[in-house]
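Asks: Numbering (this note's numbering), first residue to last: 8 to 477.
Heads up, the beta-carbon is just placed ideally off N, CA and C, and yes, glycines get one too.
A single structure is presented below for examination.
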Amino acid sequence: MAPQIVIKPGDQKEYVFEIPKDHSPGLNFYHPHKHGATTVQVITGMAGAIIVRGAIDEVPEIKAAREIPLVVQDVGLFPSETDPNLWTYEPVQNAMWQTFGGYVTIKGERTKLRGGFTTGDYQLRYFLLNGQAFYRETHNDKPGEAQDPVGAQLPVQRFQMAPGEVVRFRMLNGASDNMMPIIVDGHDVHQIAMDGVNFPAVRTIPARPSGDMSAQILLASANRSDFLVKASSTPGIYRIRQLAQNQQFLVSAEKIIAEIEVTGPPKDMALPGKLPIPERLYPLIQPSEIRRIRVIQFTGTTPALINTTVGGDYLINNAIYAEEEVPIVVNLNDAEEWHLSVGMSHAGGIEGHPFHIHVNPFEVISINGVAQPPGTIQDTVWVPPEGVVVVRMRFKEWTGKSVFHCHILPHEDVGMMQNFLILGPEKAGHAASHASSSTAQFTTSIHSVESMTPNTSTTQPPVWPICTSR
Ligand SMILES: [Cu+2]
C-alpha cells in the first residue's frame with residue numbers, strides 16, 4: 008500500500024475539492040494530517056473552520072438569526088532549548104514530555120531535551136476563542152507533586168443579545184486534545200446540527216439548574232455543533248462554559264469560554280421546528296442492511312512495549328499505525344456497524360478517546376446502551392473510558408485508502424490510527440472473502456484501487472478523496 012502524500016517544506020500542492028451537490032451544509036474543520044506532525048502543525052495554528060451553505064441556512068427562523076462562530080483552539084508551548092526567553096514548540100523528537108518535572112524521556116531515560124512532541128500536555132498552553140486567549144494552563148514542575156495542569160481564567164469575549172433575540176452559535180472544538188462538555192448559563196440550547204450535518208428537527212436541551220453539572224452539548228476534539236440560543240427576557244450576563252471533566256488522563260478544569268450580555272430593547276424572535284433533511288445521509292441505515300459488525304478498541308500501555316521512544320503505546324485493536332498496512336477492507340455502498348470502546352490495558356490509567364473517521368460520517372446509534380435520537384450523524388464521537396459507542400455508516404461514492412483515528416492529536420501522531428480501504432464494486436467480492444487475510448494476499452486489488460482514486464499521477468503517490476474532518 009502506497010505511502011501518504013507529503014508536501015515538503017518549500018513545496019506546493021494544489022488541492023481541488025468538488026463539493027457533491029448533496030453534501031450536507033454545515034460547519035467543518037480543516038487541518039494538515041502529516042503522520043507524526045499533526046499535533047505540532049495544528050497546535051501552532053495551521054487549522055480552521057469551513058462553512059458549507061445550503062438548505063439549513065434558508066430556514067426562515069435560522070436565516071433571521073445572527074451567526075456567531077465559536078472556534079475553540081489551543082496553542083501549546085515549551086521553553087526553547089537555546090533561548091531562555093523564548094517559548095516554542097519544535098518538532099525535534101517524538102517522545103513523552105512529563106507533565107510534572109518538565110523534562111522529556113526517551114526510551115525511559117530522562118533527557119536534557121525540553122521541547123518537542125508530546126502525548127498531549129504542554130508546559131504552557133493557551134485556549135483561544137476565535138483567535139483570542141481565554142484560558143491559560145501551566146504545569147507544576149515539581150516531581151512528585153500534582154500532575155493536573157494549573158489553570159488561569161483570562162478575560163473573555165462578550166456577545167450582546169437583545170432579550171428574546173435568537174442567535175445561531177456555530178461551535179468548533181479545534182483543540183488538540185481537550186474534551187469539552189458545554190453549557191450556556193440560564194438558557195435552553197436548541198441544537199440543530201453536529202459535525203456539519205443538521206438534525207431532522209430542533210433538539211431543545213433545557214437550561215441546567217444551578218449545581219447541575221450535566222452538559223448540554225458534548226464536544227470532543229474535532230466535534231462541531233450548531234445551536235440556537237433565544238436570549239432570556241431578564242437582562243444580565245450569562246456564561247458559555249466548558250464544565251470540568253475527568254474523562255482524560257489529566258483533569259480538565261472548568262473554563263469560561265465567552266459571555267452573553269442580554270441588554271437593550273426586546274426582540275421577540277421565533278425558533279424553527281422541523282429542519283430540511285440532509286439527503287446524502289437519508290434514509291437512515293436500517294439494521295437489516297448491516298453487512299458486518301466490527302469491534303474497534305482504543306488500547307495502549309504505559310510504559311511502552313512497542314514505541315519505546317515515545318514511552319507509551321497508543322494503539323487501536325492492539326496495533327500501532329503502519330502507513331503501508333490495511334487492517335480493514337470495506338465494500339463501497341455497504342453499511343456496517345462499528346462498536347467502539349476503550350480497552351483496559353492502560354497501566355497509567357484508563358481514559359476516553361474521540362473516534363474520528365474520514366470520508367463518510369456515521370450515525371451514532373447508542374452510547375453505553377442509551378439509544379441516541381435518530382439522525383445523530385457525526386464524524387467524531389467521544390468514546391468514554393467505560394462502555395461502548397455503537398455507530399453505523401455507509402461507504403458512499405468514494406473508493407480508496409483512508410484512515411480512522413483517535414482525534415486527540417498527540418495520540419494519533421504516535422500510532423492511535425489505522426488505515427482502511429474502500430473497494431469499488433468490481434473488487435467488492437474480493438474484499439468480503441479476504442477481509443481477514445494478510446496484507447500480501449490482497450496486494451493485487453490494492454494496486455488497481457489506487458488507479459481508481461482521483462488525482463493520481465505518475466510522479467505523485469495517490470491522493471485520497473478527502474483528508475479533512477468532514
Ligand atoms: Cu486518544
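From the DSSP output, in three-state form, read off T45 for me.
Replies: helix
Asks: So Y321 packs on G307, CB below 8 Å; how close in whole Å?
Replies: 5 Å
Asks: Under 8 Å by Cβ, that's how I've got H365 and A229 pegged, so tell me the actual separation to the nearest angstrom.
Replies: Not a contact, Cβ separation roughly 11 Å.
Asks: Pairs of beta-carbons, one from the region 46 to 64 and one from the region 262 to 275, closer than 8 Å: are there three or more?
Replies: no
Asks: Given that a residue counts as buried once 16 or more other Cβ atoms are within 10 Å of its Cβ, and exposed if not, what is L7?
Replies: Any question about residue 7 goes unanswered here, given that the chain covers just 8 to 477.
Asks: Buried or exposed: S445, going by 16 or more other Cβ atoms within 10 Å of its Cβ?
Replies: No answer about S445 holds up, because its pLDDT of 32 lies below 50 and its placement is not dependable.
Asks: Is the beta carbon of Y129 within less than 7 Å of some heavy atom of ligand 1?
Replies: The nearest non-hydrogen atom of ligand 1 is 7 Å or more from the C-beta of Y129.
Asks: Do Q139 and G109 count as a contact pair if the criterion is CB distance below 8 Å?
Replies: no
Asks: I need the straight-line Cα distance from V204 to L34, nearest angstrom please.
Replies: 8 Å
Asks: Would you report the Cα separation of T451 and R60, rounded to the nearest angstrom?
Replies: For T451, the predicted model reports a pLDDT of 26, less than 50, meaning its position is unreliable; a value from the coordinates is still stated below. The alpha-carbon atoms of T451 and R60 are separated by roughly 41 Å.
Asks: Using DSSP with H/G/I as helix, E/B as strand and the rest coil, what is K237?
Replies: strand
Asks: Count the other CB atoms within 10 Å of the CB of M220; is the residue buried (16 or more) or exposed (fewer)?
Replies: exposed
Asks: Would DSSP call E419 helix, strand or coil?
Replies: helix
Asks: Determine contact between the region 269 to 284 and the region 200 to 219, defined as no fewer than three beta-carbon pairs at a distance below 8 Å.
Replies: Counting C-beta pairs with one atom in each stretch, the region 269 to 284 and the region 200 to 219 have three or more that are closer than 8 Å, which means they touch.
Asks: Using CA coordinates, which residue listed in N340, F411, V333 and I292 is at the minimum distance from E370?
Replies: Among N340, F411, V333 and I292, the Cα nearest to that of E370 belongs to I292.
Asks: Secondary structure at R132, three-state DSSP: helix, strand or coil?
Replies: Three-state result, R132: strand.
Asks: Just verifying my parser: in three-state terms, what is the DSSP assignment at L278?
Replies: coil
Asks: Which of the three DSSP states is assigned to R287 in this structure?
Replies: helix
Asks: In whole angstroms, give me the CA-to-CA distance for R246 and Q11.
Replies: 43 Å
Asks: Assign R215 to buried or exposed, taking buried as 16 or more other Cβ atoms, counted over all protein chains shown, within 10 Å of its Cβ.
Replies: buried
Asks: Indicate whether the contact test is met: 3 or more Cβ pairs, each with one atom in the region 240 to 259 and one in the region 153 to 167, closer than 8 Å.
Replies: yes
Asks: With distances taken Cα to Cα, identify the nearest neighbour of P283 among I69, V13 and Q19.
Replies: I69
Asks: Would you mind reading off the limits of the alpha helix (DSSP H) that contains P67?
Replies: P67 to K70
Asks: If you follow the beta strand (DSSP E) that I63 is in, where does it begin and where does it stop?
Replies: From DSSP, I63 is part of no beta strand (DSSP E); its letter is neither H nor E.
Asks: Quick check: does the Cβ of Y96 come within less than 7 Å of any heavy atom belonging to ligand 1?
Replies: no
Asks: If we count Cβ pairs, one from each stretch, closer than 8 Å, do we get three or more for the region 416 to 433 versus the region 324 to 344?
Replies: yes
Asks: Is any non-hydrogen atom of ligand 1 found closer than 7 Å to the C-beta of F305, if you look at the structure I gave you?
Replies: yes
Asks: Might you give, ordered along the chain, the residues of its own chain that have their beta carbon closer than 7 Å to the beta carbon of I532, omitting 5 neighbours on each side?
Replies: Because the chain spans 8 through 477 in this model, residue 532 falls outside it and cannot be assessed.
Asks: Rounded to whole angstroms, what's the CA-CA distance from F362 to P39? Just pull it up for me.
Replies: 18 Å
Asks: Kindly indicate which residue of D18, D81 and Q167 has the alpha-carbon position closest to the one of L179.
Replies: D81
Asks: Threshold first: 3 residues or longer. Then list the beta strand (DSSP E) segments lying entirely within the region 144 to 178, N to C.
Replies: Taken in chain order, the unbroken stretches of beta strand (DSSP E) that lie wholly in the region 144 to 178 and span 3 residues or more are 157 to 160 and 164 to 168.
Asks: Under the rule that 16 or more other beta-carbon atoms within 10 Å means buried, what is K237, buried or exposed?
Replies: buried
Asks: Go ahead and label L416 buried or exposed: buried means 16 or more other beta carbons lie within 10 angstroms of its beta carbon, across all protein chains shown.
Replies: By the neighbour-count rule (16 or more Cβ atoms within 10 Å), L416 is buried.
Asks: Name the one or two DSSP bridge partners that I303 has.
Replies: Its beta-bridge partners are L347.
Asks: Here's the rule I'm using: 16 or more other beta-carbon atoms within 10 Å means buried, otherwise exposed. How should E358 be labelled?
Replies: Buried, because 16 or more other Cβ atoms sit within 10 Å of the Cβ of E358.
Asks: Considering Cα atoms alone, identify which of H146, T309, P334 and F305 is closest to G83.
Replies: H146
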